[in-house]
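Below is one structure, written out as structure tokens; the observations come after it.
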């Protein structure tokens, strides 16, 4: 996992960060989306409200997070993650308590506020972890991102079951109190052990001696060279913005209608659930493999591979091949990995929050169209065929975009067809 000659101090600190990062990514998926599957029915039954009203906080938060992410990225860019990640955990813990109090008091307003906080501040956690990875790891960055992606895959396979178990044994309020306690505990641990850069602990990137330091400033001192106008003049920016947006659109569209789509292929519900479990667990293994591909091939080439697998999976739905369609559950773990990997590759790890705060607005807006695309076209045509053919066309477009995303810009310098980071360091050393 670490470089052979990495310092012992780095290995210990980095291992702690990886463990906390894995738990953070698992929690961000569980408490932002998967918890809806467990809380909506008890809320509707007790308060006598509609399902839409019961999860309104999460729904609204799903749209506002598109713009809130810009604010969070700016804070991380200016102040770093130390303290900010802890604050996000504490706010999410407060959100869980508000949901619990709202349930006890039959207050839909408190439940909505709590759900809104949970949905929005999970984005702060994800951005914080990606920034830590960007600054701590370089040679093994892809593999580390793959481990974080495995947390999402594990979450998809186990979180709903785990929350249902807590609800069945402790009741609604007991379940939400457990959520709050976990958030508060993670807030304390992150404050103690998480720092934006290894230099803040007196260490170096990858734990290796470095002849030439690049971006050794603290987060408060580092000044990004990128602005919106400059970014939009680069084809790489558009490739990332559109590509990641379509990945997220495809992910939400397919997963939201996964069971219904397979049922339309005459697949039984039991087999649908079996597919979900098996390929979800397979994603835990595939995610680090994707990460290794990023380290070995470079993020752009890995993006081409992931785009191709997306096309193959969507084709399974287009041509009604159930087993091929079910592979999407495993292949789609590539989306949360390739987004930060591509941005860091093209613009450099320290620039990640500065660049991502702009590009994520566009990609998140595109990604938010996934579920409406499926539901509107199904209501209009009575089937999912047109929706899946459209998804296939979009992913073929992304395959092309990934293939032309070859340039790397670091320190304002453009490097053509660059994949080896050591080569870049030697190039910079001659300037």
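Residue numbers (the working numbering): 191 to 621. Virtual Cβ for every residue (Gly too), placed ideally from N, Cα, C.
Of the residues the options, the one placed nearest residue i, counting alpha carbons only
{"i": "residue 448", "options": "336, 464 and 489", "result": "464"}
{"i": "residue 634", "options": "543, 477, 551 and 552", "result": "Only positions 191 to 621 of the chain appear in this structure, which leaves residue 634 out of reach."}
{"i": "residue 308", "options": "292, 518, 248 and 296", "result": "248"}
{"i": "residue 398", "options": "496, 305 and 327", "result": "327"}
{"i": "residue 472", "options": "586, 280, 370 and 524", "result": "524"}
{"i": "residue 538", "options": "329, 419, 389 and 363", "result": "329"}
{"i": "residue 226", "options": "214, 374, 338 and 306", "result": "306"}
{"i": "residue 197", "options": "369, 549, 395 and 508", "result": "395"}
{"i": "residue 536", "options": "316, 598 and 445", "result": "598"}
{"i": "residue 508", "options": "494, 585, 211 and 529", "result": "585"}
{"i": "residue 594", "options": "497, 576 and 304", "result": "497"}
{"i": "residue 428", "options": "415, 495, 550 and 304", "result": "550"}
{"i": "residue 456", "options": "300, 313, 512 and 437", "result": "512"}
{"i": "residue 577", "options": "302, 444, 280 and 552", "result": "444"}
{"i": "residue 454", "options": "334, 313, 296 and 506", "result": "506"}
{"i": "residue 375", "options": "546, 213 and 545", "result": "213"}
{"i": "residue 313", "options": "228, 222, 437 and 304", "result": "222"}
{"i": "residue 470", "options": "522, 257, 416 and 545", "result": "522"}
{"i": "residue 385", "options": "257, 323 and 370", "result": "323"}
{"i": "residue 437", "options": "391, 552 and 228", "result": "552"}
{"i": "residue 390", "options": "476, 370 and 272", "result": "272"}
Between the CA atoms of residue j and residue i - distance to the nearest angstrom
{"i": "residue 596", "j": "residue 430", "result": "11 Å"}
{"i": "residue 194", "j": "residue 541", "result": "27 Å"}
{"i": "residue 217", "j": "residue 340", "result": "13 Å"}
{"i": "residue 381", "j": "residue 583", "result": "45 Å"}
{"i": "residue 262", "j": "residue 250", "result": "17 Å"}
{"i": "residue 442", "j": "residue 600", "result": "33 Å"}
{"i": "residue 362", "j": "residue 241", "result": "16 Å"}
{"i": "residue 387", "j": "residue 270", "result": "9 Å"}
{"i": "residue 368", "j": "residue 255", "result": "25 Å"}
{"i": "residue 423", "j": "residue 466", "result": "41 Å"}
{"i": "residue 403", "j": "residue 534", "result": "Low local confidence applies: a pLDDT of 46 at residue 403 is under 50, so the model's placement there is unreliable, with the coordinate-based value given in what follows. Rounded to whole angstroms, residue 403 to residue 534 spans 17 Å at the Cα level."}
{"i": "residue 579", "j": "residue 383", "result": "47 Å"}
{"i": "residue 591", "j": "residue 325", "result": "27 Å"}
{"i": "residue 274", "j": "residue 446", "result": "32 Å"}
{"i": "residue 493", "j": "residue 528", "result": "6 Å"}
{"i": "residue 372", "j": "residue 215", "result": "13 Å"}
{"i": "residue 243", "j": "residue 292", "result": "13 Å"}
{"i": "residue 298", "j": "residue 239", "result": "9 Å"}
{"i": "residue 569", "j": "residue 510", "result": "20 Å"}
{"i": "residue 208", "j": "residue 315", "result": "14 Å"}
{"i": "residue 608", "j": "residue 280", "result": "In this predicted model, residue 608 has a pLDDT of only 41, less than 50, meaning its place in the structure is not dependable enough to derive any value."}
{"i": "residue 418", "j": "residue 301", "result": "37 Å"}
{"i": "residue 495", "j": "residue 547", "result": "26 Å"}
{"i": "residue 581", "j": "residue 555", "result": "16 Å"}
{"i": "residue 338", "j": "residue 236", "result": "37 Å"}
{"i": "residue 610", "j": "residue 414", "result": "Reliability fails at residue 610, whose pLDDT of 41 lies under 50, so the model's placement of it is uncertain and the value that follows must be treated cautiously. Each residue's alpha carbon lies about 23 Å from the other."}
{"i": "residue 425", "j": "residue 304", "result": "40 Å"}
{"i": "residue 526", "j": "residue 257", "result": "18 Å"}
CB of residue i within 7 Å of CB of residue j, strictly
{"i": "residue 377", "j": "residue 276", "result": "yes"}
{"i": "residue 311", "j": "residue 278", "result": "yes"}
{"i": "residue 588", "j": "residue 481", "result": "no"}
{"i": "residue 336", "j": "residue 478", "result": "yes"}
{"i": "residue 343", "j": "residue 474", "result": "yes"}
{"i": "residue 379", "j": "residue 199", "result": "no"}
{"i": "residue 347", "j": "residue 224", "result": "no"}
{"i": "residue 623", "j": "residue 421", "result": "The requested residue 623 does not occur in the structure, where the chain is confined to residues 191 to 621."}
{"i": "residue 289", "j": "residue 366", "result": "yes"}
{"i": "residue 574", "j": "residue 451", "result": "yes"}
{"i": "residue 332", "j": "residue 520", "result": "no"}
{"i": "residue 252", "j": "residue 435", "result": "no"}
{"i": "residue 266", "j": "residue 321", "result": "yes"}
{"i": "residue 219", "j": "residue 345", "result": "yes"}
{"i": "residue 416", "j": "residue 334", "result": "no"}
Any non-hydrogen atom of the ligand GTP closer than 6 Å to residue i Cβ
{"i": "residue 459", "result": "With respect to the ligand GTP, the structure offers nothing, as it holds no ligand at all."}
Would the stretch 475-489 and the stretch 350-362 be scored as touching if the rule is three or more Cβ pairs under 8 Å?
Contact fails: fewer than three Cβ-Cβ distances are below 8 Å.
Can we say the stretch 508-520 touches the stretch 462-481, given the rule of at least three CB pairs closer than 8 Å?
Here the stretch 508-520 lies against the stretch 462-481, with 3 or more beta-carbon pairs under 8 Å apart.
Decide yes or no for the touch test of the stretch 497-507 against the stretch 358-378: beta carbon pairs closer than 8 Å, at least 3 of them.
No, they do not touch.
When the Cβ atoms of the stretch 192-203 are set against those of the stretch 223-243, are three or more pairs found closer than 8 Å?
No, because fewer than three Cβ pairs between the stretch 192-203 and the stretch 223-243 fall closer than 8 Å, the two stretches do not touch.
Is there contact here, the stretch 283-290 with the stretch 556-565, by at least three beta-carbon pairs under 8 Å?
In short, these stretches do not touch, since the Cβ pair count stays below three.
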